[in-house]
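Trainee:
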Amino acid sequence: MSRTILVTSANSFIAGWILKSLLDKGYNVRGTVRSQGKKSRVLAGISNDQQCQISFVHINDITTDSLDKAVEGIDSIIHVASPVHLTMIGPEKDFLLSAINGTLRVLQAAHKYNQSHSYKINRIVIASSFSAVNDASKGLRPDYSYTEKDWCPLTYADGVAAKGDYLTVYRASKTCAEPAETWNHQTIVDIVHGSSSIPDSIKNTTPIGTKGEQLPRIYNIDSSKAQKDLGVTYIPLSKTMEDLILEFAELKEKLAYQ
Numbered sequence: 025m026s027r028t029i030l031v032t033s034a035n036s037f038i039a040g041w042i043l044k045s046l047l048d049k050g051y052n053v054r055g056t057v058r059s060q061g062k063k064s065r066v067l068a069g070i071s072n073d074q075q076c077q078i079s080f081v082h083i084n085d086i087t088t089d090s091l092d093k094a095v096e097g098i099d100s101i102i103h104v105a106s107p108v109h110l111t112m113i114g115p116e117k118d119f120l121l122s123a124i125n126g127t128l129r130v131l132q133a134a135h136k137y138n139q140s141h142s143y144k145i146n147r148i149v150i151a152s153s154f155s156a157v158n159d160a161s162k163g164l165r166p167d168y169s170y171t172e173k174d175w176c177p178l179t180y181a182d183g184v185a186a187k188g189d190y191l192t193v194y195r196a197s198k199t200c201a202e203p204a205e206t207w208n209h210q211t212i213v214d215i216v217h218g219s220s221s222i223p224d225s226i227k228n229t230t231p232i233g234t235k236g237e238q239l240p241r242i243y244n245i246d247s248s249k250a251q252k253d254l255g256v257t258y259i260p261l262s263k264t265m266e267d268l269i270l271e272f273a274e275l276k277e278k279l280a281y282q
């Protein structure tokens, strides 16, 4: 029987790439979506012959709704859901609490399921962010190699105080979401620190201006000037995204039964 992987926020940009990779590898996928409309957008980007491999669970609010149905019979989880707002009413509601409590709810649901079932969820991969390991006060540091010792110094209080600066609030939310019981569940949890990129060969199932979007200035990246004036050649954006998604899929596969 093919294994089933739960992917949270299945209609989000990175999740769309993860879904494609998993389906191409023959996995069954269960995705969480907030509405029928988002489910339809995901299905519109999947070939007809693969639609039998995917199912959906409606989770309107991952921080409060029950995830019991979502995790039932699941082999592994790839947790992608995390809020990104270009405008916000409040840092706590729109970013911090959603990121932290969303991660906690996924971990707690998996733990609860494993306690009462013989078929266990054996691996959880959490989509983090480069923001969680980058100390922006130290500059770009292009030749620096990051390790597990690196950490963003932003605190929950920093995120609350940032208010209108959504980038700082986002960085704080990703930093605070990682320690939120993650290390207490380390026997089944792995964290991938991804980077934001825009490839050119997959349909974006999330409209601009909604949760899951990429930041606007990323749409305008053009490395031709840097290449012409500085002789700097960047890794293509499509290759960057490909590497990130393969890291998710391969990490889950390599560690599944260790």
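With my numbering, the residue at position 60 of the sequence shown is 84, and numbering never jumps. In this text, a Cβ means the ideal position worked out from N, Cα and C, and glycines have one as well.
Check each candidate in 51, 76, 71 and 82 and name the one with the smallest Cα separation from residue 61.
Mentor: Here the question's residue 61 lines up with position 37 in the sequence shown. Of the listed residues, the one whose Cα sits closest to residue 61 is 82.
Trainee: Using CA atoms only, rank isn't needed, just tell me which of 104, 130, 179 and 187 is closest to residue 153.
Mentor: Locating residue 153 in the sequence shown gives position 129, where the first residue counts as 1. Nearest of 104, 130, 179 and 187 to residue 153, Cα basis: 104.
Trainee: Determine, using beta carbons only, whether residue 92 and residue 134 come nearer to each other than 8 Å.
Mentor: In the sequence shown, counting from the first residue as 1, residue 92 sits at position 68. In the sequence shown, counting from the first residue as 1, residue 134 sits at position 110. Note that the C-beta distance between residue 92 and residue 134 is not below 8 Å.
Trainee: What three-state label does DSSP hand residue 140 in the structure shown?
Mentor: Here residue 140 is taken as the residue at index 116 of the sequence shown, counted from 1. Three-state DSSP puts residue 140 in a helix.
Trainee: Just how far apart, CA to CA, sit residue 196 and residue 150?
Mentor: Here residue 196 refers to the residue found at position 172 of the sequence shown. Here residue 150 refers to the residue found at position 126 of the sequence shown. Each residue's Cα considered, the two are about 16 Å apart.
Trainee: Relative to the alpha-carbon of residue 44, which residue among 58, 68 and 192 has its alpha-carbon at the smallest distance?
Mentor: Counting from 1 along the sequence shown, the entry for residue 44 is found at position 20. With distances taken between Cα atoms, residue 44 lies closest to 68.
Trainee: With DSSP collapsed to three states, give me the class of residue 91.
Mentor: Translated into positions along the sequence shown, residue 91 becomes position 67. Residue 91 falls in the coil class under three-state DSSP.
Trainee: Report the partner residues of residue 351 according to the DSSP bridge assignment.
Mentor: The question about residue 351 has no answer, for the chain in this structure spans 25 to 282.
Trainee: With DSSP as the reference, label residue 135 as helix, strand or coil.
Mentor: Sequence index remark: in the sequence shown, residue 135 carries index 111 (1-based). In this structure, residue 135 counts as helix in the three-state DSSP scheme.
Trainee: Could you give the C-beta distance for residue 202 and residue 156, rounded to a whole number, given that I count them as a contact under 8 Å?
Mentor: As a working mapping, residue 202 is identified with position 178 in the sequence shown. As a working mapping, residue 156 is identified with position 132 in the sequence shown. About 6 Å separates the two Cβ atoms, so the contact holds.
Trainee: With DSSP as the reference, identify every bridge partner of residue 31, one or two as the case may be.
Mentor: Locating residue 31 in the sequence shown gives position 7, counting from the first residue. Bridge partners of residue 31: 55 and 102.
Trainee: Is the beta carbon of residue 89 sitting closer than 8 Å to the one on residue 107?
Mentor: Taking the sequence shown and counting its residues from 1, the one referred to as residue 89 is at position 65. Taking the sequence shown and counting its residues from 1, the one referred to as residue 107 is at position 83. Against a cut-off of 8 Å, the Cβ pair of residue 107 and residue 89 comes out as no contact.
Trainee: Looking at residue 101: is its Cβ nearer than 8 Å to the Cβ of residue 130?
Mentor: Indexing the sequence shown from 1 puts residue 101 at position 77. Indexing the sequence shown from 1 puts residue 130 at position 106. Closer than 8 Å, so yes.
Trainee: According to the neighbour-count rule (16 or more other Cβ atoms, all chains shown, within 10 Å of its Cβ), is residue 252 buried or exposed?
Mentor: Mapped onto the sequence shown, residue 252 falls at position 228. It counts as exposed.
Trainee: Within its chain, find whatever has a CB closer than 8 Å to the CB of residue 111; leave out the 5 residues flanking it on each side and keep chain order.
Mentor: In the sequence shown, counting from the first residue as 1, residue 111 sits at position 87. Around residue 111: 190.
Trainee: Which residue's Cα is closest to the Cα of residue 200: 137, 143, 122 and 146?
Mentor: On the sequence shown, position 176 is the one that residue 200 refers to. When each option's Cα is compared against that of residue 200, the closest is 122.
Trainee: To the nearest whole angstrom, what separates the beta carbons of residue 30 and residue 77, a pair I think is in contact under 8 Å?
Mentor: Taking the first residue of the sequence shown as 1, we reach residue 30 at position 6. Taking the first residue of the sequence shown as 1, we reach residue 77 at position 53. About 13 Å separates the two Cβ atoms, so there is no contact after all.
Trainee: Check whether the Cβ atoms of residue 34 and residue 57 lie closer than 8 Å to each other.
Mentor: As a working note, residue 34 is residue 10 in the sequence shown. As a working note, residue 57 is residue 33 in the sequence shown. Against a cut-off of 8 Å, the Cβ pair of residue 57 and residue 34 comes out as a contact.
Trainee: What does the alpha-carbon distance come out to for the pair residue 165 and residue 177?
Mentor: Position 141 of the sequence shown, counted from the start, is the residue given in the question as residue 165. Position 153 of the sequence shown, counted from the start, is the residue given in the question as residue 177. Approximately 16 Å, taken between the alpha carbons.
Trainee: Take residue 194 and list the residues in its own chain whose beta-carbon comes closer than 7 Å to its own, dropping the five residues that flank it on each side.
Mentor: Mapped onto the sequence shown, residue 194 falls at position 170. Excluding sequence neighbours, residue 194 sits near 108, 119 and 155.
Trainee: Please report the straight-line C-alpha distance between residue 74 and residue 187, rounded to a whole angstrom.
Mentor: For the purposes of this step, residue 74 is taken as residue 50 along the sequence shown, with counting starting at 1. For the purposes of this step, residue 187 is taken as residue 163 along the sequence shown, with counting starting at 1. Answer to the nearest angstrom: the Cα atoms are 43 Å apart.
Trainee: Answer with buried or exposed for residue 179, where buried requires no fewer than 16 other C-beta atoms within 10 angstroms of its C-beta.
Mentor: Mapped onto the sequence shown, residue 179 falls at position 155. By the neighbour-count definition (other C-beta atoms within 10 Å, threshold 16), residue 179 is an exposed residue.
Trainee: Looking at residue 51: is its Cβ nearer than 8 Å to the Cβ of residue 96?
Mentor: Here the question's residue 51 lines up with position 27 in the sequence shown. Here the question's residue 96 lines up with position 72 in the sequence shown. It is not a contact, given that the beta carbons lie outside the stated cut-off.
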